[in-house]
Every structure is written in C-alpha cells, then in structure tokens.
Amino acid sequence: MRSPPLLHTSFVAVDIEATGMDPGRHEIIEIGLQIFDRTGLAERFSTLVRPKGRLSLDITALTGIDERELAAASAFSEVAPQIRRLLAGRAIVGHSVDLDLAMLTAAGLDFSSNDIFDTYHLATLLLSDLPAYNLSAVASALGVTSIDAHRALADAERSATVFLRLLEHLDTYETSTLEEVATYARTAGWRLAPLFTDALRFASTRSERVDATRERRFVSEFGFLTDRERPEPLRPTGSRSAIPSDAIQRALRQDGPIASVLSGYEHRPQQEQMAHAVAEAFNHSGQLLVEAGTGTGKSVAYLLPAVLHATETGESVVISTNTLALQDQLYRKDIPDLRAALRSTEQMAEFDAVVLKGRTNYLCLRRWFAEHRQPTFDPVDAGLRAKILLWLGQTETGDRAELRLDAEEGQRWRALSEEEEGCVAAHCVYQQRNQCFLYRARRAADQAHLVVVNHSLLLSDVTAGSRVLPAYNRLIIDEAHHLEEQATTHFGFNVDQRSIEDLLDRITKLDGALFSGAIAVAVAYLRAHLDPDDLRTRERGEPPEQREKLAFGAAANARSATLELFALFTEFTVRYGAAEGGFDRTVRVTDGVRHDGAWLHVELTWERLDANLRELYEQLRWFLDTVDRPAMAARADELVEDQRDALIGQLTTLARDLAKIAVELLQIIGSPDRNAVYWLERHSLTGHITLHAAPLAVDELLRDKLYDTLDTVILTSATITTDGSFDYVAERLGLSDADRVAVPSPFDYQRSTLLYIADDMPEPNQPGYQRRVQDALMGVCGASRGRALVLFTSHAALQATYKAIKRPLEDEGILVLAQRTDGNPRQLIERLRHTPNVVLLGTASFWEGVDVVGPALSVLVITKLPFSVPSDPVFAARSEMLDEPFLDYAVPQAVLKFKQGFGRLIRSSHDRGVCVILDRRVLSKRYGASFVQSLPECAE
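Heads up, the final residue of the sequence shown is numbered 1266 in the working numbering, and it's a clean run with no missing numbers.
Set out below in structure tokens:
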C-alpha cells in the first residue's frame, strides 16, 4: 500500500468510444469515467451518447454497440454538465488519452486546468520489451483482467487499475534514479513529470538518502560494477562423425521426443525427407537448395540436424532469417521446444542458442555514462535519457528493441550505441569486466551451438570482413527468396545531402563565435595536454588553432558545393523523372544522362566538393595522428587516457565516414562501375534527393564473399522453384552447382482448396478492369460473408477498391478493412483473426507473413499478377542484361511472389478455402501457365 497521496487526492480515468478517430468529423457514442485515488477505485459513471450521424459496421463490430441502443441515448449536450462535474479538479488518466480528450474538447469540454497522465506513455517507460503496448497488452503484463474490451467503462476501470499498478512499479526505483528522471522529465516537457517528483518524495520518506552527490552520479552503474564471468567459447571436439540418420528418425517419429513436447504433433514424411537432406549437406560439406512447401515444418527440419552436428563437433551453426517474426519464432518457440524434446533423450547433448544483432542495436555503457553526466536542455535528449535510466537496471541485453523510441529518439540513440570505429574496447573498463552489452552478446555467440541472425547482419558481416559474427563454417539461410534483394542493398550504398551536411557538422562548424564539433574538442584536448615542443618535431608545425581554421574553411566550402550539387540533382529529377509519376521520381543515371550537357556542371561541382573533402580529411588525420602519438599516451593519467581513447575513437569514425562518402561520390559521379546501376531518388514528401548505387548482379559477390568461405551452405524457403525448376533462383544467387530438393506440402490441396480463375475479366490494362474487380469482390466476399484477404499490387488500386466496396459490403454486415487506413499490419491481421465477417485489403507485406489458421481466412483473392514496376532502376538495368528479360526475369520473379501470396490461404491440415484469381492473363498469355503450374494441384 502506498503512503498517503503526496500529489493528487483524486484521479479520473477516462475512455470514450466514437464513430471514428477524427475529432473534426466523428462523434462520441459512449463515455466511461472511473473515479479513484491511490487507495483504490471509487465512483464510476457510464453513458451512451446519441450521435447525429450513422454508426459504421466497423465500430459496431469493435464495441458491440448498435444504432438501436444509441437511438434511445441522450445527446452529448445533455450529459456534458455531469461529465464536467466529475472531471473538475481531478487529474485525468487514460491509455493513449490524447485522442479521448481531443474528442471531448471538440464536443466543448476544457482540460486546461487538469493534470493529464497517459498510461501508454508511462508503460513504455516502466515496462520494457512488451510485444505491444495497447491497453490489453499492458493490462495483461500487469495481471489486470477485463472481459469487456472496447467498452468505455470497462476500459476506464482497466486504465485506472493499470495506472495504480504502474505507480507501484515506479516505487521500486532507487531515489537517485527517480531524482535524475524527474529532472529529465521536466526538461523533456513530459506531462508525467509530477509522477516522478511524487515517487521521489515517497522514496525519500521510505529510506534515508546517503551521500546524495555520489549516489546521483554512480547508482545507475552499481549493477554493472561487479565483474561478470566470461563464458568459455565453444571448442571444437575434433569429431568427424556424420549425423546418424536413425537419430533423425527417432526424434521425428510419432512417438518420439518432439511429439512428447508438441501437442497435436503429426509425423510428416516431408519433414523427415528435408531433415535427412540437410543432414547430408552437413555430413558431406555440401551446398543445398530446399523448397519446403507450407506445413512441412521446415524450421525443425533444419534445426534438428544443425543441433546434432553442432553438439557433436563443437562448431557453431549460423541461421539467418529475413524477418523479425521468423527470428522470434525460432528463438522463442522452435528452439526451446527442440531443446525440451532433446533434453528427454539421453543420447542427445544440451545445446545453447543466441540471437545476435548489429552493433548499433546495443547501448554503449562508456558513451552512456559519459553523456548522462553532462547537463542537457534538449527535450528529445532528456526524454531519451529518462527512458534509458529507467530501463538500464532491468535490461540484460542492452538491446534498443526493448525500448519504445520515437523517430527523433531513435536518431539520438546512435550517439549512445556501439558504433564500430568509435569503440575503444581494448581500453574500455566495461568490456574488460564483461559488462559491455555488445561484447557479452558476442561472447554468448562464441559459446553457442546455434547463432540466429537476420540477412542484414549476415551480409553486413560479409561486407565488414567478418568482424561481427563468431567463426563459423556452416550456414542455413531461411526465407532465402529475399536474399538477392538484401544482397543488392548491402553490396550497394546510398548518399544524401543531409548525411553529408551532418557529417561536416560533426567534424567542425561555427556556433556563434565559437567552433564546435570533434575538431574543436581535439583542439581543447591538445591545448591542455600537448607540449609545444612536440609540434616542432612534426613536418608541418602549425598550432592546432591554425589547423582548425583550415578544417573549418574546407568544411564550409564543402557545404556550399554540396548544396549546389544536390540542387543540380533536383533539376535532373524534374527533367528525366517527369514521366515516372509526378513528384515521386527516380531517375537512373545512364550513359544518356551522363552525356547530357548539364551533367558537366554536376562533374565540375563534384570536383570542387571532392577537393574540399580531401583537404578536410587531411586536417582530420593530422588531429588524429597528433592525439594518437605515443608521447600523448605516456603523459596521460587514467581519466585523461579515457578522454583520449574516446577522442581517438570519435576522430577515427569521422575520418572513416568522410573517406567513405568521398569514395561513394567518386564512384557515382567520377568513376562509375560498369557492373553497377546508379539512380537519383527524389522523395515525394520532403523533396530530398538520395543517390543510390547497387550491383547489377549479386551471384558472384555471394559466391566469393560468402559461400566459398564456408563448408556447408543451405538455402531454404517455401518458394524457390518456378515451373518446377530451381534454375532461376540458383543462378540469381550463385548456387548453380548446389544440390536441390523440393519437398511438397503435406496438405491435400485437392480436398482443401478450390482454385477459381475469372476468365471473363478484362486484362488489367484494358478499360473497365478496375470496375470489374470491385464487382467481383462484392460478389465473392458477399457470398463468403467476408473471411477474405484481398491482395493488390498497388496502393492506388487498393484505395480505389476500398472506397467502392466498403459501404455496399458493410450494408450486408461485412466489415472492410484496408492497409494504411484502418491500422498497421499487425492490428489488421489480429482483427481478421478475431472479428467475424471481415474483408482485409492489403498489398506489399501482406503477400507473405500472414498466418491465420481456421475459417477466419477462407477466401484469398489475387487481383493482379505481382510483376515488378518496369521503371524500377535495378529491375530495368538487370532486364537490359538479358536477351529475354520478361520471360527470364520478370515472370520468374513474379511467380515467386505469386506463390507466396497463395501460401496465405491454407495454413493447417484442417483449413479449407477458395483462391480467386482476377487476372485473366494466367489463361490468355503464354506465360500464364507458369503461374498456375507453380501452385499445388487444387480443385477447380
């Protein structure tokens, strides 16, 4: 029980239901108020409110409120006086409460004199690493239950109880942490700031404060000042024993150890076939491509032999996924299930597994403690510091994914993260004590049998020369159909105006009459610690201040040239991009563009920029070499040495980044590679220009930099073959000599799936196509009573369809939801899964990753074959390399995505459904057979 209230004697939790989320257009239909104080809940109030407009089916489905109930309710003006009375003088509490208050403000209420506390914001500060922070998720995490979600009074009561539980959680923090957070919260302008002040007062009455100055400075470090034991790395056993086939058979049989862990487990010959193929690739150090149809259980099929090999040989196996969803599934479900199963088998050894992320995901303790001891008056910086302070004592990983950061905070995070060249691990006390989050993660990976990463980190490690992942010789790549796209990104690069200007500002700039930036820090350091005699021994003996002026001049000239250069690029996007869609333009930098007379101005401006970047680099290197001289190290005490190491890391990072940008601009403008494609992109919202470069092909790059360095490489996906052949993917990914195994789905599609191809539709480029799509959807979705996922290839077509079919279908009691309009993908999939009679319209990400088991998804509609946009720079350049680009590149690429889309329909052996194809080109065009033949045999 908390002490008597120190801040407020009374709170009121508020929740409203409305006809929509726009206060300017929508109306309140229900209000719930829960009065409470810090001892518990008290008076409550609830009323329906009669709107002037019509209630949508969406809101009825969400809340259970219908128009007949509202017709008998009071108008808002009739209940407003009572609401004002209950709100007066009380602090208002709610979950994402700003929307509720905006609706009430639009209805005429005033909250200018109320304190306002948002439980969503408070939960993101105090509860780290929740999968979601909606009211239900937060309440569940705190043990608060409710049966009437999305009813105003129930949600108000739940918000009140959540708030009280969060206050109890707040009481567990140390006094010094609360003091710092309260200060940061006031600087950040948080409305929650009084809560931290209140918690601090309560903490002060609970225990005496000891040595406040020392405690405030060091208490947050106490959890890290105890040396942590360093784990022993995985050691090779020297065994060359093959994975025994009978071990796989025993593990996967119907009465085997895996069946004892997984309820409803069914032995699948297809899964066993794949597991044996993977084992053979390990046994014979081979390369393998595996297509595993939906329902095969491919994760266990490769995890089992990977574990058997790793535990026998003492070698790590790296497993790479494209999506966070699969990474989480492997680490949180499949691997623990397999561990539990094998633990029951005496012949099978224990194994360790870790997830490893890129270094910028981890908080750098050295940077953090150096930063947070400095005062700040920046609201964004203060907010980020408060979040980190509250989280730091709880986290075991230091992974930013556990924090809920907004876009600006995410940008500031980089300054506190483990950026590569800024790391001074050899001299870092946190690394030496095994407290550094990054090195703890790496050491955990060094001792793990399975290391789970994503494609981005895998390829970053390749391009960085294997400086991130532990030593490994065996690699499994799941979701391999994304590998070419990811490799294209990671073997390419991009440059924009802001990144150049930000880099120049980090090096040197003028703030009023004073220099700032890394060089200014270096000048101050040298002024304090450099013996004048040291300069006389150097080849150019200018004092640091003179070097700083030279650097500033070069940076100022570089800024001017950058501004001019990107203005020229903007002109090119207007001139060459007009035919590609208005103001959202991409312009390929082809030979034709380079021969345009105006390109000469680009080259001349770049030459001026390049010269200034080189001059700035020379000055930066002078400061780095001077600070890094042995004479400087010899006279440094421990504190000065720490400052020097940090400065060396900062200057090294800046020199690397400056050289990188200079080389990238040289490649794009001055010395283009014939095996690369370059383009300009003008962003529609900001008008900013980005320069892009990408390899024309990644097969040789993957082969030389990745496959040929390993003993075993296994690529798997549910979609690898086209027309029953692996050739397309094998050639694109540089694995033409790999063994190939196609494992069919165990599902009986002839009994479970009806394939319907509309043969009376116009083709997509013919008049009337869009109208016929709309008519077909109203017919199909009306007959199925929703329960449908409709896949589009463009947002424009999706929105046009949404506007046309929403009202007619909702008049029939069928709810229509659209991507970007009605929620994010996760929210929309949850509504499809749990709300009856829903039609979900999606594009892009909805073609894969949607996993809805059961009758909630019984109809899949593919409105158009998913061909790439022909004007996409990479697609266009790669097409030009082929004799038959459409048949050899465009069609196979579209077939793979088509198969991914089809795979959304049947997700279990009990599912039944209809796949409707509204693009008659699968029948009228010669290439259409490739799409139909890529699917399993269905009923027609």
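Where a beta carbon is used, it is the ideal one built from N, C-alpha and C, also for glycine.
Just so we're clear, the structure is a prediction, and the values are computed from it rather than from any experiment.
Across the structure, Leu973 and Thr834 are spaced so that their CA atoms are roughly 14 Å apart. Residue state for Val644 is assigned as strand, using DSSP reduced to three classes. Judged by DSSP secondary structure, Gly918 falls outside any beta strand (DSSP E) and instead within the alpha helix (DSSP H) spanning Asp917 to Arg920. Ile1188 is bridged by DSSP to Leu1117 and Ile1243.
Ranking Arg1146, Pro705 and Ser1051 by CA distance to the CA of Phe1172 puts Arg1146 first. The Cβ atoms of Ile645 and Ala605 do not sit closer than 8 Å to each other.
A residue is called buried when at least 16 other Cβ atoms come within 10 angstroms of its Cβ; Pro1181 does not meet this threshold and is exposed. If you ignore the 5 residues before and after Gln823, its C-beta comes within less than 7 Å of the C-beta of Thr888, Phe892, His1014 and Ile1015, all in its own chain and listed in chain order. In terms of Cβ geometry, Val680 and Ala797 do not form a close pair [threshold 8 Å]. With fewer than 16 other CB atoms across the displayed protein chains lying within 10 angstroms of its CB, Val1179 is exposed. Spatial neighbours of Ala368 in its own chain (CB-CB distance under 7 Å, excluding positions within 5 residues in sequence) are listed in chain order as Ile361 and Phe362.
Taking a contact to require three or more Cβ pairs closer than 8 Å, the region 1035 to 1046 and the region 614 to 622 qualify as touching. Pairing Thr445 with Phe489 gives a Cβ-Cβ distance under 8 Å. A distance below 7 Å between beta-carbons, with the five flanking residues on each side excluded, links Pro998 to the following residues of its chain, in chain order: Tyr1004. The alpha carbon of Leu935 has as its nearest neighbour, out of Asp922, Arg901, Leu991 and Thr952, the alpha carbon of Leu991. With a cutoff of 8 Å on beta-carbon distance, Asn760 and Glu558 are scored as not near each other. A contact between stretches requires three or more CB pairs, one per stretch, nearer than 8 Å, and the region 585 to 601 fails this requirement with the region 796 to 811. The region 418 to 426 makes contact with the region 334 to 353, as at least three CB pairs between them are under 8 Å. Under the 8 Å Cβ criterion, the region 654 to 663 does not count as touching the region 686 to 702, having fewer than three qualifying pairs.
Setting aside the 5 residues that flank it on each side, Leu629 is surrounded in the same chain by Asp660, Ile661 and Leu664, each with a C-beta closer than 7 Å to its C-beta; the list follows chain order. Your pair Val375 and Ile354 checks out as a contact, with CB atoms roughly 5 Å apart and the cut at 8 Å.
If you draw a straight line from the Cα of Ala675 to the Cα of Ser565, it is about 14 Å long. Val849 counts as buried, since at least 16 other C-beta atoms from the protein chains shown sit within 10 angstroms of its C-beta. Judged by DSSP in its simplified three-state form, Asp654 adopts helix. Residue pairing from DSSP places Lys835 in a beta bridge opposite Ser842. Runs of the alpha helix (DSSP H) spanning 4 or more residues and lying entirely within the region 962 to 1013 occur at 964 to 991, in chain order. According to DSSP, residue pairing for Phe878 in a beta bridge does not occur.
For Asn780, the enclosing beta strand (DSSP E) stretches over residues Leu776 to Asn780.
Only residues of its own chain outside the window of five on either side were considered, and among them Arg685, Thr686, Asn687, Tyr688, Leu689, Cys690, Arg693 and Arg726 have a CB closer than 8 Å to the CB of Ser743, listed in chain order. By a beta-carbon distance limit of 8 Å, Leu894 contacts Thr931. Their separation comes to about 6 Å.
The region 1021 to 1101 contains, as complete alpha helix (DSSP H) runs of 4+ residues, the segments 1025 to 1031, 1053 to 1058 and 1075 to 1078 (chain order). Here the C-alpha atom of Arg738 lies approximately 25 Å from the C-alpha atom of Phe443. Using a 10 angstroms sphere on the CB of Glu1174, the tally of other CB atoms reaches 16 or more, which defines it as buried. Listed in chain order, the non-local C-beta contacts of Leu496 below 6 Å within the same chain comprise Ala525, local neighbours out to five positions each way being set aside.
Residue range Thr501 to Ala514 is occupied by the alpha helix (DSSP H) that includes Arg512.
In this structure, the CA atom of Val1055 is about 36 Å from the CA atom of Glu728.
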